[in-house]
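The block underneath contains the structure these notes are about, expressed in structure tokens.
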Amino acid sequence: MSQTLVELRQVSKFYRDGIGIKQVVRDCTLDIERGKLTVVIGPSGCGKSTLTRLIAGFERPTSGTLMSEGRPITGPHKDRLVLFQESALFPWMTTEQNVLYGPAARGEATPQAMQLAGSLIDRVGLTAFRRKYPTQLSGGMQRRAELARALVNNPKLMILDEPFRGLDAMTKSLMQEYFSGLFQEMQATVLFVTTDIDEAIFLADRLIIMTNAPTRVRKVINVDIPHPRKLADIVENDSANDVKIRALSILHEEAMRSFGGSAKASADFVQAYAARIGRTDSMTPGNPAP
Amino acid sequence: MEMVASGAIGREDSRLAMIRRRLALSLRSPAPYLALLGFALFLGFWHLAVEVWQLPRFRAMPSLGAVVGDWISRDPIYGLSLFTPEYYAHIWASLRRVLLAFALATALGVPLGMAFGWSPAFRRYVFPLFEILRPIPALAWVPLAIVMFHGTESSVRFITFLPAFFATALNTMLGVSSIDESYLRAARCLGASRWQTFRHVVVPGAMPFIFTGLQISIGVAWFSLVAGEMLAGEFGLGYVIYTGYTLVTYPTIVIGMVTLGLVGYVSSAIIRLVGRRLMQWHARNLGIEG
Ligand SMILES: Nc1ncnc2c1ncn2[C@@H]1O[C@H](COP(=O)(O)OP(=O)(O)OP(=O)(O)O)[C@@H](O)[C@H]1O
Ligand SMILES: [Mg+2]
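Note that the protein sequences, when read in sequence, are chains A and B.
Anchor point for the first sequence: position 138 equals 137 in numbering that gives the first Met the number 0, and the numbering is continuous, going up by one each time.
Anchor point for the second sequence: position 206 equals 205 in numbering that gives the first Met the number 0, and the numbering is continuous, going up by one each time.
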């Protein structure tokens, strides 16, 4: 079995907008490796969600190829499930019905599937909320319920597009530790999209940094911090801080480019930031440096 | 303090205790007293304006005493009271027409609205025509309806049906198009067929709008029913009101009006209740927010 699950080769995507045609993805080539958590980070609006829609199969590329296990991606499939930015639990179904929806729709609601659903609901800590409707769950619970709804289908790839955007800081850090542990334990293949560098480094096995729109891969960094990770430890971890400085300098360059700024300003920013990291002892995980 | 205690019992002792608790709660809130006060003020003004002060425009009106006296009399002066079978015959005649028209409007309006919302092609063909016909007031159809149906009964039913049908179809369409794209995408991703997506996502997702439509529908049904009965009826509450006018039996007019108000209120309350029953997820949603 090949190490690569999904591969993108020279993928480009154009959109028609009001005035003309706009390129959002340009010649993007990347691999998603089995059993690893790949984090995609890039400036806001660079085209990350577009990339996830292409990989999920909701949209077709304008040019280039996307392959999953060596076969071209032609449409959505239960093998590649997405947790989108916005919650998509069916409000008219209970947690249990939501989680079982995939197997039920495909006529696969076997006793084993039901059992798996039950144990996943337990695993994401929603046992007491099995018969509640989504609006009765908190934001963090909804995310976990949605995750269980995806995992019950045994997807080969889980795609998460900024799943913690909009959660409060406390819930967010709890969810990050929780997801990191869960995916580690399941040996799942995950593509995780974020704009938050601390979140990216905390979760990633591989960190893919994207350029500004039209986006493509700017740099791939392997993050070799052993699991299980703790948010509190990451702050003090030298290799994490090293990755962070490298990533930030690239991200900052990309951001400056879109504002028409210079490379000099970018260098100054990173230097100032590195100086700050030298004094990390006073930093807390919930309150990272700007 | 008592409320806390009765709350604890309510949890243990299920239904009856809960109803009792709700009753106690609602008696504690000012709402029922204010409502009673509103009624009392209105009736008091009516009585004073007609019989005591004899205000210019009110002098010729039937007095509160005359109306209530006749309404609850075993031997009513003007022939219609709670104790005469004709009273119920009229209510039944109107109710039957409304229910028939409402049922037909629902049976045709919901599927049409679904089709509008679900199929853009269908909408492009039919919706413009629909939008031209919809603003024509039901009363404008009366002459054509009489010509078309040769009899009064069918034409009254027809003009009762028409606006109810338009309200139902329009709201159902809005309901279908209000459904968030992400639910459809989630269903597709999880392996639901088009038909399953329709049944499990489109129908329940549009339900709140459909029920809003049904509330409007029964309201406009009563509205045009009375207009129809006044012009072309031989029975019914609209007919009672109109003959009360031509025969100068004014208390009968008011008895007819009040009865209409009560029957109309009850019919839309029933729809609201059914809606709440069917959409517990939605009621809870509102309950949490409210
Ligand atoms: N269907 C579409 N039609 C036209 N333009 C689109 C479409 N989808 C995305 N875009 C444009 O493509 C660009 C990238 O959008 P995308 O949502 O992929 O970015 P993103 O990196 O996910 O942003 P964010 O960080 O805000 O989530 C944006 O400028 C957006 O306006
Ligand atoms: Mg996005």
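Positions of the beta carbon are idealized from the N, C-alpha and C atoms, including for glycine.
Small disclaimer: the values here were computed from a predicted structure and weren't measured.
DSSP lists Met66/A as the beta-bridge partner residues of Pro71/A. Here Glu180/B carries a helix assignment [DSSP, helix/strand/coil].
Around the beta carbon of Thr245/B, a 10 Å sphere encloses fewer than 16 other beta carbons of the protein chains shown; the residue is thus reported as exposed. CA-to-CA, the gap between Gly41/A and Ile200/A works out to about 13 Å. With contact defined as three or more Cβ pairs closer than 8 Å, the segment 9-28 of chain A and the segment 51-66 of chain A are in contact.
When beta bridges are read from the DSSP output, Glu107/A appears opposite no residue. Along the segment 157-236 of chain B, the alpha helix (DSSP H) occurs as fully enclosed runs of 4 or more residues at 180-188, 193-196 and 202-231, listed in sequence order.
Judged by DSSP in its simplified three-state form, Thr94/A adopts helix.
Here the alpha carbon of Pro203/B sits roughly 7 Å from the alpha carbon of Trp91/A.
Exclusion of the five residues before and after Ala55/A leaves Pro75, Arg79, Val81 and Ile158 as the residues of its chain whose Cβ lies within less than 7 Å of its Cβ.
With respect to the 8 Å criterion, Ala166/B and Ile135/B are not classified as neighbours on the basis of their beta carbons.
Here Gly138/A has Leu166 as same chain residues with Cβ atoms under 6 Å from its own Cβ, once five neighbours each way along the sequence are excluded. The C-alpha of Lys243/A is placed about 10 Å away from the C-alpha of Leu206/A. In the displayed model, Glu252/A falls within a helix according to three-state DSSP.
In the DSSP annotation of this structure, the continuous segment of the beta strand (DSSP E) that includes Tyr14/A starts and ends at Thr3 to Arg15.
Looking at the backbone, the Cα of Thr211/B and that of Met174/A are separated by about 38 Å.
It is roughly 9 Å from the alpha-carbon of Gly174/B to the alpha-carbon of Val201/B. Taking 7 Å as the cut-off, the C-beta of Cys45/A counts as close to a heavy atom of ligand 1. The DSSP assignment places complete alpha helix (DSSP H) segments of no fewer than 4 residues inside the segment 34-66 of chain A at 47-55, in order along the chain. The Cβ atoms of Leu36/A and Leu202/A sit closer than 8 Å to each other.
8 Å or more divides the Cβ of Gln141/A from the Cβ of Ser67/A. Here the C-alpha atom of Tyr241/B lies approximately 6 Å from the C-alpha atom of Met229/B. DSSP lists Arg205/A as the bridge partner or partners of Asn221/A. Contact annotation: in the segment 63-86 of chain A, residues whose CB is within less than 7 Å of a CB in chain B are Pro75, Lys77, Leu80, Val81, Phe83 and Glu85. Under the 8 Å Cβ criterion, the segment 151-160 of chain B does not count as touching the segment 179-188 of chain B, having fewer than three qualifying pairs. For Glu145/A, the enclosing alpha helix (DSSP H) stretches over residues Gly138 to Leu150.
Rounded to whole angstroms, the Cβ separation of Val262/B and Thr251/B is 16 Å, and the two are not in contact under 8 Å. Cβ neighbours of Trp45/B within its own chain (closer than 7 Å, five residues either side excluded): Leu63. For Thr105/B, the enclosing alpha helix (DSSP H) has its first and last residue at Pro84 to Trp117. For Phe191/A, the enclosing beta strand (DSSP E) has its first and last residue at Val189 to Thr193.
Arg184/B has a beta carbon lying within less than 8 Å of a beta carbon in chain A. Interface annotation, Leu213/B: not in contact with chain A, CB-CB separation never under 8 Å. If the five residues before and after Val216/A are omitted, its C-beta is found closer than 7 Å to the C-beta atoms of Cys27, Thr28, Leu29, Ile207 and Met209, all from its own chain and listed in chain order. Gln186/A and His226/A do not touch by the CB rule: their CB atoms are close to 11 Å apart, not below 8 Å. When distances are taken from the beta-carbon of Ser48/A to the heavy atoms of ligand 2, the shortest one is below 7 Å.
Distances from the alpha-carbon of Thr109/A to those of Asp121/A, Arg25/A and Asn152/A put Asn152/A closest.
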